[in-house]
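Asks: With full-length UniProt numbering, the residue at position 96 of the sequence shown is 96, and numbering never jumps.
Heads up, the beta-carbon is just placed ideally off N, CA and C, and yes, glycines get one too.
This structure is a prediction, so every number in the text was calculated from the model and none was measured.
Could you have a look at this structure, given as structure tokens, before my questions?
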Amino acid sequence: MSDNIFAEFLETLKKLDVDLKESQVKVANEAMNVMKRAAVQNTPVGVYENKSSKSTKKGKKKSKHKGVKRQGGTLRRGWHLSDTLTSKGTVRKYLINIVDYAIYVNNGHRLVTVIEGERITTGYVPGQFFLEAAVKTAERALPWIYDAEIRRVKAKHGL
Numbered sequence: 001m002s003d004n005i006f007a008e009f010l011e012t013l014k015k016l017d018v019d020l021k022e023s024q025v026k027v028a029n030e031a032m033n034v035m036k037r038a039a040v041q042n043t044p045v046g047v048y049e050n051k052s053s054k055s056t057k058k059g060k061k062k063s064k065h066k067g068v069k070r071q072g073g074t075l076r077r078g079w080h081l082s083d084t085l086t087s088k089g090t091v092r093k094y095l096i097n098i099v100d101y102a103i104y105v106n107n108g109h110r111l112v113t114v115i116e117g118e119r120i121t122t123g124y125v126p127g128q129f130f131l132e133a134a135v136k137t138a139e140r141a142l143p144w145i146y147d148a149e150i151r152r153v154k155a156k157h158g159l
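Below, the structure is given as structure tokens:
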């Protein structure tokens, strides 16, 4: 679907006789900004309790607040966009997450327990698939991004 829309977009720009590279860069930047926004919003944040509990001599549980508060959101803060790369009529921009465990949260992972030196799979944590959801969001936004760019070009050239 997006290939047809992109082909129509390029044809319209060629008919308007404008700089294609500038428009391609603007569209790529806007689409990737939409994708990053969606990825950040869909990325889960860890929830931590701010208590530690100890048992007293009589067996009662005693809770006390620790001085250090744990904060989640490392995975969410890890999203970054690369610079826009252009070569031979191609425009590239990448959305990356610099947190090393991001792929495991996105795709899911197995749970392993070591019993007598042997690693046994004891379960599976399903993936969150926040990156795939961000890609779909950006694909749905492409027609509006293309239309906005065509309107901008027409206004710039007085068409």
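#1: Is V105 buried or exposed, if buried means 16 or more other CB atoms sit within 10 Å of its CB?
#2: Please classify W79: is it buried, with 16 or more other beta-carbons within 10 angstroms of its beta-carbon, or exposed?
#3: Can you check which of these residues, T43, V135, F130, A155, is closest to R77 by C-alpha distance?
#4: Looking at the structure shown, is T74 part of a helix, part of a strand, or coil, going by DSSP?
#5: Can you find the residues in the same chain that come closer than 7 Å, C-beta to C-beta, to E149, ignoring five residues on each side of it along the sequence?
#6: So, at 6 Å on beta carbons, what are the nonlocal neighbours of I120 in its own chain, with the 5 sequence-adjacent residues on each side left out?
#7: What is the residue span of the alpha helix (DSSP H) that L20 lies within?
Replies: If we stick to the structure as given:
#1: buried
#2: buried
#3: T43
#4: helix
#5: S23, K26, V27
#6: T113
#7: 20 to 42
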